[in-house]
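>
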Amino acid sequence: MWPGLTTDQLGDHSVVSIDPGLYSEAAIYKAAYWFTDRYYVFLDRAQEGRIVVELRAKETSGGDLRIACAEFCNALIDFRVRDIVAKETMPIREALVTKAFMEGVPQSGLQGAISDERHLAKK
1199 MWPGLTTDQL GDHSVVSIDP GLYSEAAIYK AAYWFTDRYY VFLDRAQEGR IVVELRAKET
1259 SGGDLRIACA EFCNALIDFR VRDIVAKETM PIREALVTKA FMEGVPQSGL QGAISDERHL
1319 AKK
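What follows is the structure in structure tokens.
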């Protein structure tokens, strides 16, 4: 269903109803935040549990709100995929960060390391 453009006392707005089973709350908030520079974004939870996003143009000469809703839906997919990729690649990223930090830590027994063993007691 294409989000409809409706008008109330405050002016034109468009509404997107989101199934929270498809998109995480984090993805919804990230997408909403991404639109706050051009639109007023209002979030609410409907009685049936769906999350309702209302977009209102900040300027009266703003673009088509239906296009904004379509872009919002694309942003939801974008942030959801980013979450999936982040979870899938977390072990690799953690290993790379650990390796990067461990390179700066001096370790004993490294090849080519100079050892001063004069302080060791001789048996």
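In the numbering used here, the protein residues as written are 1199 to 1321.
We put the beta carbon where it would ideally sit given N, CA and C, even for glycine.
Since this is a predicted model, take the numbers as computed values, not measurements.
Okay, do the region 1267-1277 and the region 1223-1232 touch, 3+ Cβ pairs below 8 Å being the bar?
As far as the Cβ criterion goes, the region 1267-1277 touches the region 1223-1232, which means the pair count is three or higher.
> Can you round the beta-carbon distance between VAL1250 and ALA1244 to whole angstroms, since I take them to be within the 8 Å contact cut?
Contact holds; Cβ gap of about 5 Å.
> How many angstroms separate the CA atom of GLY1247 from the CA atom of GLU1286?
Roughly 28 Å between the two C-alpha positions.
> Under the DSSP definition of a beta bridge, which residues are partnered with PHE1240?
For PHE1240, which the question treats as bridged, DSSP gives the partners GLU1252.
> Can you tell me whether DSSP reads VAL1303 as helix, strand or coil?
In the structure shown, VAL1303 sits in coil (DSSP, three-state: anything other than H, G, I, E or B).
> Please list, in chain order, all residues of the same chain as PHE1270 whose beta carbon is under 7 Å from its beta carbon, the five residues on each side excluded.
Result list for PHE1270: VAL1214, ALA1229, PHE1233, VAL1251, LEU1253, in chain order.
> Measure the alpha-carbon distance for MET1199 versus ALA1298 and round it to whole angstroms.
Summary for MET1199: the model assigns pLDDT 46, below 50, so the residue's position carries little reliability; its value from the coordinates is reported in the next sentence. Whole-angstrom Cα-Cα distance: 48 Å.
> Given this structure, state the Cα-to-Cα distance separating LEU1241 from LEU1294, to the nearest angstrom.
Each residue's Cα considered, the two are about 38 Å apart.
> Do you know offhand how far ALA1273's Cα is from MET1300's?
Cα to Cα, the separation comes out at about 37 Å.
> Give a yes or no on whether the minimum CB-CB distance between ALA1273 and chain D is below 7 Å.
No chain D is present in this structure, which holds just one protein chain.
> Of the choices ASP1217, ASP1235, TYR1221, SER1212, whose alpha-carbon is the least far from that of ASP1281?
Residue TYR1221 is the option with its Cα nearest to ASP1281.
> Secondary structure at TYR1221, three-state DSSP: helix, strand or coil?
It is coil, neither helix nor strand.
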